Ligand SMILES: Nc1ncnc2c1ncn2[C@@H]1O[C@H](COP(=O)(O)OP(=O)(O)OP(=O)(O)O)[C@@H](O)[C@H]1O
Ligand SMILES: Nc1ncnc2c1ncn2[C@@H]1O[C@H](COP(=O)(O)OP(=O)(O)OP(=O)(O)O)[C@@H](O)[C@H]1O
Ligand SMILES: [Mg+2]
Ligand SMILES: [Mg+2]
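Residue numbers (our numbering), protein chains in the order written: chain R, 6 to 336; chain C, 38 to 336; chain E, 63 to 387; chain A, 439 to 963.
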């Protein structure tokens, strides 16, 4: 007892790195914004905010699912391909290429639900491979990373699908109280996921599995089921993101939708301070991480940094952010 | 000189495609396959998935299968040389489509039969020339480049920038890659328009990015065609339609329908006719003046 | 017990079996499939992936991963091409050197700054390709044909492609290092339980450092072959090589969690996946179905799926992971 | 009350020059001191015991010495020279070889590799497997362990693994061998073997630091003892000058009254409290590990599993808890047929299982004490899937108090707790469920004598309240004094069953060693 008391009384001395670890991403973001105020032309406008938010949406939506997956100690490389699949399916449905539906509203609803649902099913498939056969997540999801886009391309013959369906494109172009719908969607998802991870049994179980799978199983946690659900969620998120992308572009190109998304999402998660080894995760961090990366991209573009150089800078930023995070954690 | 092709009524020919990740390539592949079917030739089709190295391996596998002739759409100018040399050694004639190879390393009529296609540099120039004539005051340019490092991106930039350089009152305020993709093109355009509010011309290296740029312009609350001129290359139906609607100011066609000409050339070559070193497609140029009439003929 | 042994053996040699079956299939179905020309060109092409996968194999055995190999190879090819006018060996050295530099940075990020391998090498993947594009000025760089640099990739030795020879030597060395040097054992130990390895007084960090360094070097070497085989340094080549390598390593039965692995099986994995491409091309030649690239990727995905599931089933019944339920 | 501390007087008194001397060692973790001014001296050819409560700082002191942790302050002199190492590797190179508390080996690699790693035999610069296998076998023979050294380590049980760890450490020709709780997973036979080896080392002039919670052992081999409390070294004495009570009171920092005689805190229980049969198992079998095991547990009863290491006790427990599926045999729980497919089935039925392998099957290292303790209970505590933080907090704090878990609060990471305290957290995890049957596999392994008493007392009270307990222990007196009925397993077969009264040390021992079917008859008679 006395010792517990003693130890509690000792207040931890201020540790700059620990501080950085907690607020590092936030600080980085703030610095970036300041930099832009100073150097980027015509940065301080609503439109800038609007552009950045709308552009970061899809990454965040995917990254939320990815965070949960990574929290269980897994990873999901297939998200990009799943985006392509849902992006390819939706138009086929509401354009009536599969079965003609005359009521637009109905068609759109069906399109959204089925497309996202299918993506979810593929996510479930990932989970099944991982839970049932104990295949390492990278490989298990590599399967759909390769095959998934192929499926989307086969569905559409690789052809571009263009459309003008305001009811559908609402999720990409519409606004709620002046806020772009996709942004609202993103915020809701983030809040829901963050709350789930912090406050619910399921969230706790995800982290337990990431922390020590055997112990989790011996404590009566249905490890397999949790994994199935988590990968399904990741699939659903990818599906939604896919819809948003094609809605904005009023066209769906199975070859390109979601290209390279897995790496962007993973980078966002890592920069946000989630351990890739699992067992520790922060959704808000992921949000900040994604925004940081987005803002870096914006800054480089707006200031005319050539693509090649931009790659190098981006790499530097990622390393720096993650280094600060981890150094803080060790201190 | 190039290996001969003996006269037969049907052939087994290879078509080594670069990639299938954009409408233009798809149209090209389709055209080749239709033509083959029409003539009852057997087509060995490979897709290099945007890798020059794999394309060489693909060509080699065609050689191994002993095809009569190879249609090659080289991914790049230099790395495909070994493939062409290998085909020559195996006594298989090669016809290049839509992209040429480094002339200093392989000679038409010698290492390969001929090159059929468009001239990317010239495409860039034609767009620039049109702009110089019809700009009426719109001189601040944003350029959306194709995939960094790919030859159409490099050439279409080269041709355009050269002409612009000669006209001091025009200036390119930003030039960034949009990966030939609509979404990326849109995002880049959004950003650049935001950073350069004074820009009033957008030159995109292909239709996809042009369409992306248009939605970006509209999202920024401006009117494409009025506030901002959009220029593009490829001239697919969607783009020409956009010209009709006045959203795209001008677009150079780069026709992917290679089938007929390619196969004709092969037959002519087999018949022992003299084949020119370069066969340049006559490419359309669409703007407000002719778009409506030619819309039907656009691919 | 004996049955279990048998199964576990199948687990480690299953990939070889699959390889044989695939070759047999090709031989039975297509003429010229086992023709000299096809064999040599397949080997010549896949030697690059073999080298990259070898490096990846060692990295993975330590429980890490190296996503940067693809762009490192691209960088290596560019540097080699730029240096090739100074002579074949200079070009070779330069390319490998460039790879080693990337490897060095990866190693420092992982062992000194303690950054998770996945992130560190992901960043280097961007950085390396960026550097390659900058050096190459966004275009592929022609190599010098005078200096004989191209013969590294294009000539034969004893009627056998030089790149293939290089790969073979690399694998023999790799096999010896893994099985007959303390460093090799250390690699597996670190992968098996890093903390313990430290407490056992093994230089865990130096071992990890070495594998990333080596992986970079091998990627650079692959880059040299890329440049000399195709006569140009290609800054935008190498996309997706890392996933190919990972797949090959895993198909070879190496655990991504580290601690268990085999060099030979990795080579088999590379050939298996490499020959699959070749088979698909030949299938198109049959003219039955002209498989679009799309179907090809679907088929490749399914193929990977089947192999990996088999691996999982075998290894889960094999000797490893007895109490691992 | 701690008497003035003077390692050196004693040290030099009995041994003119000391091999190792550490003075004024400080080590803080995130500001919390684990060691404050600890001093420690070991003479040449001396066997020196290091004891203290859980969390006293023993392991930390050792890890500071071997350079695994960097010390914040203090001097270390080893072999006459100032000793500055930054890694275990260097420590080993300079003659200190260590067996750490948690077995630290590489499960996937063969025994040979685990023993030879770092000092492989070479031939023409390449590894000489043949010779390494021979060496490994030879070393293990010293501990009369027979095992196929080519098989991966994870195929062997805790005891064998511990022996391999020890063999490895001995294998280095070291000046100082440190053993952090080596005996906690060994049975009497193996302990005896180990002690012989230690004596041999002593002959060879090698010094040994010996950490253990089993105080009686110390008197057998140790020359001197240093006692730690709250990160300080409070006393060093010659073993023959201090009795057990002295040790304990120094450890706890207060005079203790508990008389000798009772080795454990299981005071006698009245049989009346014992109810009807809750769990009964008939002829369970899975593979050569468990061949034919039958037993039963009644509510309010403590049933003990005795047996040599590798007798199949843990495996049996795993069957009951649904981790492995039996090949043959039947179980009934609470009158109904019972065959669990997965642990959650067993938990739902009202069981808890404290595994013997704390590190890999128990704690979630990066989670807080609270989260670890609530892992199993969470679903019950939640309202429609949402965790009830308040209720949770109360329970956790209650158990931290009850079990005397030493931590800076419910939110400290479990990984930062000492071995023993981690064990208590796991006990808390299951007690919080208030289950009907609690399976305890080596519940007091690696737990200090103070806490051990508390835990045993706790187990008793729980049983008195009607909980059925199935207790596996390698400490004979724990089973004999604690259990109402003792089931003896030998090579996967239950060979004997004793009631509390006939469960004498010798009877149980002989059954464990060479019991066979007949003894059951005798026991029954
Ligand atoms: N890595 C760490 N981070 C934070 N605190 C730690 C860490 N390691 C140990 N501690 C703290 O240091 C103190 C001493 O721990 P240590 O493991 O040395 O105790 P011990 O004497 O070995 O106990 P036991 O007999 O149970 O093994 C404990 O209070 C523990 O909480
Ligand atoms: N992971 C394993 N793989 C294969 N055999 C094992 C494994 N663990 C234990 N065994 C074998 O099973 C037998 C019983 O092991 P178990 O751990 O159940 O013994 P025990 O009686 O519980 O002893 P303790 O639990 O005290 O180590 C031992 O002979 C051991 O060799
Ligand atoms: Mg300890
Ligand atoms: Mg046991």
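The beta carbon of each residue, even a glycine, is placed where N, CA and C say it ideally should be. Note that the coordinates shown come from a computational prediction; the quantities given were computed from them, not determined experimentally.
So, is the C-beta of residue i closer than 8 angstroms to a C-beta in chain A?
i	result
residue 259 of chain E	yes
residue 324 of chain E	no
residue 137 of chain R	no
How many Å lie between residue i and residue j at the Cα?
i	j	result
residue 66 of chain C	residue 54 of chain C	7 angstroms
residue 70 of chain C	residue 57 of chain C	14 angstroms
residue 59 of chain C	residue 155 of chain E	38 angstroms
residue 257 of chain C	residue 224 of chain E	57 angstroms
residue 226 of chain E	residue 121 of chain C	22 angstroms
residue 262 of chain E	residue 139 of chain E	41 angstroms
residue 887 of chain A	residue 900 of chain A	20 angstroms
residue 37 of chain R	residue 190 of chain R	25 angstroms
residue 255 of chain E	residue 542 of chain A	8 angstroms
residue 173 of chain C	residue 275 of chain C	26 angstroms
residue 984 of chain A	residue 287 of chain R	Absent from the model: residue 984 of chain A. The displayed extent of chain A is 439 to 963, so no value can be given.
residue 732 of chain A	residue 89 of chain E	60 angstroms
residue 237 of chain E	residue 326 of chain R	38 angstroms
residue 102 of chain R	residue 115 of chain R	13 angstroms
residue 55 of chain R	residue 315 of chain R	22 angstroms
Step through the CB atoms of chain C and report whether any lies within less than 8 angstroms of the CB of residue i.
i	result
residue 280 of chain E	no
residue 298 of chain E	yes
residue 147 of chain R	no
residue 99 of chain E	yes
residue 161 of chain R	no
Would you say residue i lies against chain R (beta-carbon separation less than 8 angstroms)?
i	result
residue 356 of chain E	yes
residue 140 of chain C	no
residue 277 of chain E	no
residue 63 of chain C	yes
residue 236 of chain C	no
residue 139 of chain E	no
residue 804 of chain A	yes
For chain E, check one thing: does any of its Cβ atoms lie closer than 8 angstroms to the Cβ of residue i?
i	result
residue 582 of chain A	no
Taking residue i and residue j to be in contact with their CB atoms under 8 angstroms, please state how far apart those CB atoms are, rounded to whole angstroms.
i	j	result
residue 808 of chain A	residue 834 of chain A	4 angstroms
### Query
According to a CB-to-CB cut-off of less than 9 angstroms, which residues of the stretch 173-192 of chain E neighbour chain A?
none
### Task
Pull every residue with its beta-carbon under 5 angstroms away from any heavy atom of ligand 1, and keep them in chain order.
A:467, A:472, A:492, A:493, A:494, A:495, A:496, A:497, A:498, A:854, A:855, A:856, A:857 and A:858
### Message
Please identify, using Cβ separations under 7 angstroms, the residues of the stretch 33-66 of chain R that lie next to chain C, in order along the chain.
### Response
45, 46, 47, 52, 53, 56 and 60
### Message
What are the residues in the stretch 105-137 of chain E lying within 9 angstroms of chain A by C-beta distance?
### Response
none
#### Entry: chain R contacts from the stretch 260-286 of chain C (Cβ-Cβ distance under 7 angstroms)
275
### Query
If contact means a Cβ-Cβ distance below 7 angstroms, which residues of the stretch 213-231 of chain C contact chain R?
Result list: 213, 214, 218, 219, 220, 223, 224, 225, 227, 228, 229 and 231.
### Query
Closer than 7 angstroms, Cβ to any Cβ of chain C: which residues of the stretch 307-318 of chain R, in chain order?
307, 309, 312 and 313
### Task
Determine which residues of the stretch 208-224 of chain R have a Cβ less than 8 angstroms from any Cβ of chain A, and write them out in chain order.
209, 210, 212, 213, 216, 217, 219, 220, 221, 222, 223 and 224
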